[in-house]
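Quick note: the sequence shown uses this note's numbering, first residue 510, plus one each step.
Positions of the beta carbon are idealized from the N, C-alpha and C atoms, including for glycine.
The structure appears right after this line, and notes come after that.
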Amino acid sequence: MKIKRKSREIQDIPLASTADIAFLLIVFYLAASSLLEFRGVEIPVPRKDAPPMQILRDNIFRVEINATGQFIHADTSTDLDTLQKSVRESFQKNPELVIVVRVDPEAPSERIPQLVRRLQDERIERISIGLDR
């Protein structure tokens, strides 16, 4: 007994809906990308011809960020909230305070913007950031 196979016609793949989907993806991408806002940390930079600042030792608040990302102030490790509170109290006592941040080159890169944002929340603009060598 022989079974006959029906020959099927090759059907075309409908491409009209593919174009619609591609159009919708492009519109979504354009709409979503216009809503994104890349916000960085704004750091004021001195002018090129500005003379070096003379700062009294009493006006310096030193903070270190070590290789593991810990904040160190007065030779003790501290978290960001405690450091912010300490900076606030010191700044209330001395409005001429300058925050000097020394960063280990191996420190996680997100720690600096976290600290700068907290300092800007306290309206502190005199910040010096340097790398340990």
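Assigned secondary structure, valine 609 (DSSP; H/G/I helix, E/B strand, else coil) = Strand at valine 609.
Expected contact under 8 Å - CB spacing of valine 572 and isoleucine 608 to nearest Å | So it is a contact: roughly 6 Å between Cβ atoms.
From this set, Phe570, Ile621 and Ile581, which residue's C-alpha is nearest lysine 602's C-alpha?
-> That would be Phe570, whose Cα lies nearest to the Cα of lysine 602.
What did DSSP end up calling serine 543 once you bin it into helix, strand or coil?
-> In the structure shown, serine 543 sits in a helix (DSSP, three-state: H, G or I).
Measure the alpha-carbon distance for glycine 578 versus proline 617 and round it to whole angstroms.
-> Each residue's alpha carbon lies about 6 Å from the other.
Proximal residues to isoleucine 581 (C-beta, below 8 Å), its chain only, five neighbours per side dropped | Answer for isoleucine 581: Val572, Glu573, Ile574, Asn575 and Thr587, listed in chain order.
Per DSSP, the bridge partner or partners of phenylalanine 537 = Residue pairing by DSSP leaves phenylalanine 537 without any beta bridge partner.
Isoleucine 512 lies in the alpha helix (DSSP H); which residues open and close that run?
-> Taken as a continuous stretch (DSSP letters only), isoleucine 512 belongs to no alpha helix (DSSP H), as it is neither H nor E.
Considering only C-alpha positions, which residue in the set Asp521, Ala559, Leu624 and Ile564 is nearest to glutamate 605?
-> Answer by Cα proximity: Ile564.
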